[in-house]
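Visitor:
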Amino acid sequence: MSTSDTTPLYLPHWDTGERSLRFLYLAGSSSFKICQNHNAEETMIPLFLGADLFSKTEIRTENHPRYHAKFAKKGLATKLVFSSEFRFHGLKLPMANNSLWFYSIQGVFRVAFELYSKQEQLLVLEAFQELWKSRINDAPLNMCYELSVHLNALQPNDIIEMHNRETQKRLKSQHTPVAHSDSFPQAAEGPDAAPEKGVPPPDGTSTADHDYCCPTEEDSAGRSDCLLRISQKLQGLDALLQGSKGDAEKGLRDTALLLLDHIEQSVKQGLDEHSLADTVLRLLQTRGPGEEGSVYSSPLLHAVSGWLGQQFHAANVCVSQRVEGFKMRHIERITDLPPAEELAGELFPEAMRVLLLNWMGLEEASALWKRQSEYPILLLILEFANHNLITGVAHVLYSSLICK
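The numbering of the sequence shown is full-length UniProt numbering, which starts it at 1 and goes up by one.
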């Protein structure tokens, strides 16, 4: 999927006084609608974001899935799995798991009466009683819906209006005192409000557990400061490029474009390992190996080699487990092992083999006789480097070296 196919979604909020719940409407088994002023068709079911329902409660984030599943079994909650083209404003979701838990109005009341203070239960009742009456005949929710159709997408002006309204609400909440109840203290109005400084949450519960869906004012200020610095850096880069001349100008611009393209893709789609690998390789190719092309004086080669060595060393436990498993399966015919190339491919990570193959000047297209003659050496290097001896040659050589 290209970055241009990504559709950002801004969920509106339904205010209850103590908190604000993001919501959408389930229009069918595979479609949904986002609209203002609760003006969806009667056949559409309003659903409320589970993360907002559980924020500022004593339930820790890592326990949320268990509670969601419990309510889903009763038809009060559901997991909405969205097509990868949809991305939600203010919610950080991994690309591979574009799903969120939502609750029906019946589920909202059940959560409120199980987890909220009496004061907030009353606020929820006042805010949603009319909606509850109108949806009393709704059927229980399915455990999961896969949604690929977005009906009547909001216009840019609607999104801006919603964002401005929520921003004003957050600013107003800064001046609202924290309400206390018999059960446990609640934060100021709205899910985006920051807790009062110096007041720890009850029972060691950290409000940071909910930061993935409830950014605080400090978070917003930090993001604004970060965006300002990014803008300043880009302006400074533009000035530097404007002042460069000749071949240096072309080299600088090519490098800048390469990095900026990767940054843009990462912002739009998240950090992708294949894209990062391509960017790093192209960046490495823009520089020679040290002064006068000497491999003996290249900080770049030194850094890359050190990083590779650390990664391969960290993989030793995994490699050892695979080798031991192989030995157990072949204990009866340890002297009749497969060819070296097959052994190396089965037991050692591809990255290790690629490094040595290129180092030794071997390619996939190399002649069969050359690969057959060189691969036993490659396998031997892998055995010694990983401290996992498999072949008889490796055991004999190791014993000989130890004796000396």
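Think of the CB as a built atom: it goes at the ideal place given N, C-alpha and C, for glycine as much as any other residue.
Would you call I34 buried or exposed, if buried means 16 or more other Cβ atoms sit within 10 Å of its Cβ?
Guide: Taking the first residue of the sequence shown as 1, we reach residue 34 at position 34. I34 comes out buried.
Visitor: Is F348 helix, strand or coil by DSSP?
Guide: Position 348 of the sequence shown, counted from the start, is the residue given in the question as residue 348. DSSP, reduced to helix, strand and coil, places F348 outside both helices and strands of the structure shown, so it counts as coil.
Visitor: Note down the Cα distance separating L397 from T391, rounded to an integer number of angstroms.
Guide: Within the sequence shown, residue 397 is the residue found at index 397, counting from 1. Within the sequence shown, residue 391 is the residue found at index 391, counting from 1. For L397 and T391, the distance between alpha carbons rounds to 10 Å.
Visitor: Specify, as a first and last residue, the run of the beta strand (DSSP E) that R87 falls within.
Guide: As a working mapping, residue 87 is identified with position 87 in the sequence shown. 86-88 is the span of the beta strand (DSSP E), which, as asked, contains R87.
Visitor: Name the one or two DSSP bridge partners that V81 has.
Guide: Counted from its first residue, the sequence shown places residue 81 at position 81. In the DSSP output, where bridge partners are listed per residue, V81 has S99, E146.
Visitor: Assess contact between the stretch 373-386 and the stretch 352-361, defined as three or more Cβ pairs (one per stretch) separated by less than 8 Å. Is contact present?
Guide: yes
Visitor: Quick one: residues in its chain with C-beta nearer than 8 Å to the C-beta of T335, no 5 flanking neighbours on either side, listed in chain order?
Guide: Taking the sequence shown and counting its residues from 1, the one referred to as residue 335 is at position 335. The answer, listed in chain order, is G392.
Visitor: Starting from T57, follow the alpha helix (DSSP H) in both directions and report where the run begins and ends.
Guide: Residue mapping note: residue 57 aligns to position 57 of the sequence shown, counting from 1. Note, T57: premise wrong, no alpha helix (DSSP H); not H, not E.
Visitor: Could you have a look at G190 and say whether DSSP puts it in helix, strand or coil?
Guide: Here residue 190 refers to the residue found at position 190 when the sequence shown is read from its first residue. For G190, the predicted model reports a pLDDT of 34, less than 50, meaning its position is unreliable; a value from the coordinates is still stated below. Three-state result, G190: coil.
Visitor: What would DSSP say about residue 405, mapped onto helix, strand or coil?
Guide: The structure shown has nothing for residue 405, since the chain only spans 1 to 404.
Visitor: Give the straight-line distance between the Cα atoms of L26 and E324, rounded to the nearest whole angstrom.
Guide: Reading the sequence shown from its first residue, position 26 is the one you call residue 26. Reading the sequence shown from its first residue, position 324 is the one you call residue 324. If you take the alpha carbons of L26 and E324, they lie about 52 Å apart.
Visitor: To the nearest angstrom, report how far apart F32 and T7 are at their CA atoms.
Guide: Taking the first residue of the sequence shown as position 1, residue 32 is located at position 32. Taking the first residue of the sequence shown as position 1, residue 7 is located at position 7. Each residue's alpha carbon lies about 14 Å from the other.
Visitor: Can you say whether Q106 is buried or exposed, counting buried as having 16 or more other CB atoms within 10 angstroms of its CB?
Guide: For the purposes of this step, residue 106 is taken as residue 106 along the sequence shown, with counting starting at 1. The residue is buried, with at least 16 neighbouring Cβ atoms inside 10 Å.
Visitor: How many whole angstroms separate the CB atoms of A77 and Y103, which I take to be in contact at a CB cut-off of 8 Å?
Guide: Taking the first residue of the sequence shown as position 1, residue 77 is located at position 77. Taking the first residue of the sequence shown as position 1, residue 103 is located at position 103. Indeed they touch by this definition, with Cβ atoms about 5 Å apart.
Visitor: Relative to the C-alpha of D52, which candidate in W14, P339, S30 has its C-alpha closest?
Guide: Counting from 1 along the sequence shown, the entry for residue 52 is found at position 52. Sorting W14, P339, S30 by C-alpha distance to the C-alpha of D52 places W14 at the top.
Visitor: Can you look up Y25 in the DSSP assignment and give me helix, strand or coil?
Guide: Taking the sequence shown and counting its residues from 1, the one referred to as residue 25 is at position 25. The answer is strand: DSSP assigns Y25 an E or B state.
Visitor: Please work out which residues of its chain come closer than 6 Å, Cβ to Cβ, to A127, disregarding the five sequence neighbours upstream and downstream, and give them in chain order.
Guide: On the sequence shown, residue 127 is found 127 positions in, with the first residue counted as 1. Closer than 6 Å at Cβ, skipping near neighbours: T16.
Visitor: What separation, rounded to the nearest whole angstrom, lies between the Cα atoms of P140 and S99?
Guide: The count along the sequence shown starts at 1 and reaches residue 140 at position 140. The count along the sequence shown starts at 1 and reaches residue 99 at position 99. Taking the straight line joining both Cα atoms gives about 20 Å.
Visitor: Entirely within the stretch 321-346 and at least 3 residues each: give me those beta strand (DSSP E) ranges in chain order.
Guide: none
Visitor: What whole-angstrom Cβ distance do L80 and Y10 have, given they're in contact under 8 Å?
Guide: Translated into positions along the sequence shown, residue 80 becomes position 80. Translated into positions along the sequence shown, residue 10 becomes position 10. Between the beta-carbon of L80 and that of Y10 there is about 16 Å, and that puts the pair past the 8 Å contact cut.
Visitor: Check each candidate in Q310, F312, V319 and name the one with the smallest Cα separation from L389.
Guide: Locating residue 389 in the sequence shown gives position 389, counting from the first residue. The shortest Cα separation from L389 among Q310, F312, V319 belongs to V319.
Visitor: What number of angstroms, rounded off, separates the C-alpha of Q285 from the C-alpha of L260?
Guide: Position 285 of the sequence shown, counted from the start, is the residue given in the question as residue 285. Position 260 of the sequence shown, counted from the start, is the residue given in the question as residue 260. Taking the straight line from one Cα to the other gives about 17 Å.
Visitor: Hey, would you say E120 sits closer than 8 Å to E18, going by beta carbons?
Guide: Counting from one through the sequence shown, the residue named residue 120 turns up at place 120. Counting from one through the sequence shown, the residue named residue 18 turns up at place 18. It is a contact, given that the beta carbons lie within the stated cut-off.
Visitor: Please report the residue range of the beta strand (DSSP E) in which I45 lies.
Guide: Translated into the one-based positions of the sequence shown, residue 45 becomes position 45. Its beta strand (DSSP E) spans residues 45-49.
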